[in-house]
Each structure stands twice: as structure tokens, then as C-alpha cells.
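Here is the structure we will look at, set down as C-alpha cells.
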Amino acid sequence: MAFAGLENCALLKGLDEGELVLLADSFNEKTMVEGTTVFIENMPGESLYLIQSGAVQISKATAEGEERTLIILGPEEVFGELAVVIQGRRPVTARIVEAACLLNLTRKEFNRLCDRHPRLGMKLMRNILRVFSERVRAAEEDYHQMLRFALGKSPHHAGGH
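Numbering-wise, UniProt numbering puts 126 at position 126 of the sequence shown, and it's gapless, one number per residue.
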């Protein structure tokens, strides 16, 4: 089965065996070596990726043009998830930092799957939204922590001096 070892993947949460089989048929497997760029910031996004093995660095260019690592993702994690839901440009760069096997789902395949299997599509949308909202929440916490640090306040004494 294409999803063996991915039981804890947030994208697959709540899917039954039949839905997993349908979904597996829509994914393509890609093996990538360390240093390979999966996608670059500002390029059009067409698909999401599920990490079966290996590690992927997610980074963003700073105003000075330097690349800043935001997070390193590993097995069972998903990235590029919004690309199957909305058409737009990638907000980050994704690069392989440890040889990886990625499962790729294109927007076209995602839409086909949602049209043919609306219940499965709804579950996937819910899971994509959950992944995205958790990332936004984590980024917001990081931002507030940096702001407190910049203002000279420790995380434990955010109320002020």
C-alpha cells in the first residue's frame, strides 16, 4: 500500500481503508536526492507533497536576499498543501536535505478525486485546513515570542515590567 508507515500523517486522518486506496491511486511517488529543490518561492503551486521518508527544508528569502530556514519536515508530514485548494504562487522554497521519497498529489488529481468522491474530498479539505491552521498558529506564536524578545520581555513575563 502506498501509505504504509504513514498512519500518523495529518493529511490521512479519519480516512477509512477504501478511501486510502482511492487516494493512493491519485498520488505519484518521487524519489529525490539531497540538495534537490522541490519548488522555489514565488513559482506557481500545482501540487502538495507528503513525505514518506527523508527530510525537507522549508525556507523563505529575507529582505536582504538570504534564505532563512523556517522548519525541517520529516516522514508523515505534508507541505505545499494549499496548492491543491487555491491557485497561487508558492510562499516558500522546499529543498531536500536528506534523500527523500515524496508522494505528490496534483491540483488536477485532487479536483478529480473531490468530484468523484465528495465525502473523501470533504475529509481531505478538513485535514488540509487543520494542517494549515496549525502552521499559522505556530508561526503566530513564533512571531509573538520574537516580538517579546525584541521588546526585552521574557516569555514568562509578557505582562511587562
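The beta carbon of each residue, even a glycine, is placed where N, CA and C say it ideally should be.
Member of the options whose CA lies at the smallest distance from the CA of residue i
i	options	result
residue 49	42, 67 and 95	95
residue 46	106, 137, 148 and 29	106
residue 108	83, 128, 19 and 93	83
residue 34	130, 98 and 92	98
residue 88	53, 101, 57 and 43	43
residue 117	21, 9 and 8	21
As assigned by DSSP and simplified to three states, the class of residue i
i	result
residue 4	coil
residue 111	helix
residue 25	coil
residue 45	strand
residue 138	helix
residue 54	strand
residue 12	helix
residue 85	coil
residue 161	Bear in mind that the predicted position of residue 161 carries a pLDDT of just 49, short of 50, making it unreliable; the figure below should be weighed with that in mind. The answer is coil: DSSP assigns residue 161 none of H, G, I, E or B.
Range of the contiguous beta strand (DSSP E) that encloses residue i
i	result
residue 71	67-73
residue 95	93-106
residue 38	37-39
CB contact check: residue i to chain D, cutoff 8 angstroms
i	result
residue 65	Chain labels in this structure do not include chain D; a single protein chain is all it has.
Residue(s) in a DSSP beta bridge with residue i
i	result
residue 61	67
* Asked: Taking three-plus beta-carbon pairs below 8 angstroms as touching, is the stretch 66-81 in contact with the stretch 107-124?
  -> no
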